[in-house]
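> Following this message is one structure expressed as structure tokens.
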Amino acid sequence: MHDVLQFIAKTDFPAIRRRALSTLQVNLGYLCNQSCVHCHVNAGPHRTEMMDADTIDLVLAFALRQRVGALDLTGGAPELNPNFRDMVSRARGAGVQVIDRCNLTVLFEPGQEGLAEFLAGNRVEITASLPCYLESNVDAQRGKGVFDASVRALQLLNRLGYGNPDDELRLNLVYNPQGADLPPAQAGLQADYRRMLGEKFGIQFTQLYTLANMPIQRFGSTLVSKGKFDGYMALLREAHRDENLDSVMCRELISVDWQGFIYDCDFNQMLGLPLRRADRARSHLRDLLDESLNDNPIVVRNHCYGCTAGQGSSCGGALAAVGG
6 MHDVLQFIAK TDFPAIRRRA LSTLQVNLGY LCNQSCVHCH VNAGPHRTEM MDADTIDLVL
66 AFALRQRVGA LDLTGGAPEL NPNFRDMVSR ARGAGVQVID RCNLTVLFEP GQEGLAEFLA
126 GNRVEITASL PCYLESNVDA QRGKGVFDAS VRALQLLNRL GYGNPDDELR LNLVYNPQGA
186 DLPPAQAGLQ ADYRRMLGEK FGIQFTQLYT LANMPIQRFG STLVSKGKFD GYMALLREAH
246 RDENLDSVMC RELISVDWQG FIYDCDFNQM LGLPLRRADR ARSHLRDLLD ESLNDNPIVV
306 RNHCYGCTAG QGSSCGGALA AVGG
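Below is the structure:
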């Protein structure tokens, strides 16, 4: 796989700084039951990296000491971490919101029996990957049979109350483009998803998030192999909008890797670009239990244009109402 950091290291991306911390995004490990073309984590069934119980204890201690409002759990498939359910139960017991970045098909994996019911019982917000409402597109991006399994998972979650406008159980869907293109306007695509999934499968959901594909890891390497990396970066740079800078996720979020080291965002984590303090080049959760990160400079490279291009892109979807 190509190392894309060399292609994005020199940057003119605007300098930005942190605000008060609100969200702790935690990568519980790179193990996943899928291997998606667009995956910026390079996750898959053969990855062995996994957050251990001691580091999970430290994550929860940090969240409470720093009064973090939300734990955003990612992977790989975060549910495949054997300590996932214990972590969720403890966080919810302490009044911390939990978001599960779920690939949907994990609900039917061996050993995950009762997972959907567990998530509903703990009022966990689900942000689920469904890169298209067409079977052919989803299976091409995520593997044969993934679309059917995803539909069954969404129907199961709907039966438990997820996505119901009269229930507080939030079920968000995530769209990624098929290739080196910006996502379409979020509002219009959301209407298409509601119509297609509702009419054909009776599926309801809370909100659609559109995310740009990041030119790093598996997707970035694919672009290099096809000779499309420079063209995609030019597309992102030309579509940059300064007004999106105020809303990028790294302003109020930090990313924690499976070992407990801290990054400004999940993308920087995958590039090996740690959050930096004046007194150290790399920080661990244990180093910052009682430190404020407010106004800390954010480490940027050219891939950051992926978050500010067009309507903008973050873990919470588009930053602006209309694409640029």
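Be aware that the sequence shown starts at 6, since it is given in our numbering, and climbs by one per residue.
No residue lacks a Cβ here, since even glycine has one placed at the ideal position from N, Cα and C.
On the DSSP letters alone, give me the boundaries of the beta strand (DSSP E) that residue 214 sits inside.
Against the sequence shown, residue 214 aligns to sequence position 209. From DSSP, the beta strand (DSSP E) with residue 214 extends over 212-215.
> Taking the DSSP output, what are the residues bridged to residue 79?
Sequence index remark: in the sequence shown, residue 79 carries index 74 (1-based). In the DSSP output, where bridge partners are listed per residue, residue 79 has 32.
> Using 10 angstroms around the beta-carbon of residue 328, count the other beta-carbons present and answer buried if the total reaches 16, otherwise exposed.
Residue numbering aside, residue 328 sits at position 323 when the sequence shown is read from its first letter. At residue 328 the pLDDT is 38, less than 50, meaning the model places this residue with poor confidence and gives no usable figure here.
> Per DSSP, which one or two residues make a beta bridge with residue 136?
Against the sequence shown, residue 136 aligns to sequence position 131. Paired residue(s): none; residue 136 is not in a bridge.
> With DSSP as the reference, label residue 130 as helix, strand or coil.
Along the sequence shown, one-based indexing puts residue 130 at 125. Residue 130: strand per DSSP, three-state reduction.
> Thinking just about the alpha-carbon of each residue, which of 151, 86, 243 is nearest to the one in residue 108?
The sequence position of residue 108 within the sequence shown is 103, counting from 1. Considering only alpha carbons, the answer is 151.
> Go through its chain and collect everything with a Cβ distance to residue 234's Cβ below 8 Å, but skip five positions before and after it.
Position 229 of the sequence shown, counted from the first residue, corresponds to residue 234. Excluding positions up to five away in sequence, the list reads 9, 12, 220, 225, 228.
> Where residue 273 and residue 262 are concerned, what is the direct C-alpha to C-alpha distance, given to the nearest angstrom?
Looking up residue 273 in the sequence shown gives position 268. Looking up residue 262 in the sequence shown gives position 257. Roughly 10 Å between the two C-alpha positions.
> What distance in whole Å lies between the Cβ atoms of residue 132 and residue 104, which are believed to be in contact at a cut-off of 8 Å?
Taking the first residue of the sequence shown as position 1, residue 104 is located at position 99. Taking the first residue of the sequence shown as position 1, residue 132 is located at position 127. Confirmed, about 6 Å.
> Around the C-beta of residue 271, are 16 or more other C-beta atoms found within 10 angstroms, so that it is buried, or is it exposed?
Residue numbering aside, residue 271 sits at position 266 when the sequence shown is read from its first letter. Flag for residue 271 reads buried.
> Does DSSP put residue 328 in a helix, in a strand, or in coil?
Against the sequence shown, residue 328 aligns to sequence position 323. Here the model assigns residue 328 a pLDDT of 38, short of 50, so the residue's position is not dependable and the matter cannot be decided.
> Can you tell me whether DSSP reads residue 270 as helix, strand or coil?
Translated into the one-based positions of the sequence shown, residue 270 becomes position 265. DSSP places residue 270 in coil when its eight states are reduced to three.
> Specify, as a first and last residue, the run of the alpha helix (DSSP H) that residue 180 falls within.
Along the sequence shown, one-based indexing puts residue 180 at 175. First-last for residue 180: 176-180, but that is the beta strand (DSSP E), not the alpha helix (DSSP H).
> Taking the alpha helix (DSSP H) that residue 13 falls in, what are its first and last residues?
Within the sequence shown, the letter at position 8 stands for residue 13. First-last of the alpha helix (DSSP H) with residue 13: 10-13.
> With a threshold of 8 Å, are at least 3 pairs of Cβ atoms found where one atom belongs to the stretch 152-163 and the other to the stretch 273-293?
Because the criterion of three Cβ pairs below 8 Å is not met, the stretch 152-163 and the stretch 273-293 do not touch.
> How many angstroms separate the CA atom of residue 81 from the CA atom of residue 171?
Counted from its first residue, the sequence shown places residue 81 at position 76. Counted from its first residue, the sequence shown places residue 171 at position 166. Using only the alpha carbons, I get a separation of about 31 Å.
> In the DSSP assignment, find the beta strand (DSSP E) that holds residue 306 and state where it starts and stops.
The residue you call residue 306 lines up with position 301 of the sequence shown. Careful: residue 306 lies outside any beta strand (DSSP E) and carries neither H nor E.
> Count Cβ pairs between the stretch 137-151 and the stretch 91-102 that sit closer than 8 Å; are there 3 or more?
These segments do not touch.
> For a minimum of 3 consecutive residues, which ranges assigned as the beta strand (DSSP E) are wholly contained in the stretch 189-255?
The stretch 189-255 contains these whole beta strand (DSSP E) runs: 212-215.
> Helix, strand or coil for residue 21, going by three-state DSSP, please let me know.
To locate residue 21, count along the sequence shown from 1; it is residue 16. Residue 21 falls in the coil class under three-state DSSP.
> Hey, would you say residue 75 sits closer than 8 Å to residue 101, going by beta carbons?
Residue 75 sits at position 70 when you count from the first residue of the sequence shown. Residue 101 sits at position 96 when you count from the first residue of the sequence shown. Yes. Within cutoff.
> From the DSSP output, in three-state form, read off residue 164 for me.
Within the sequence shown, the letter at position 159 stands for residue 164. In this structure, residue 164 counts as helix in the three-state DSSP scheme.
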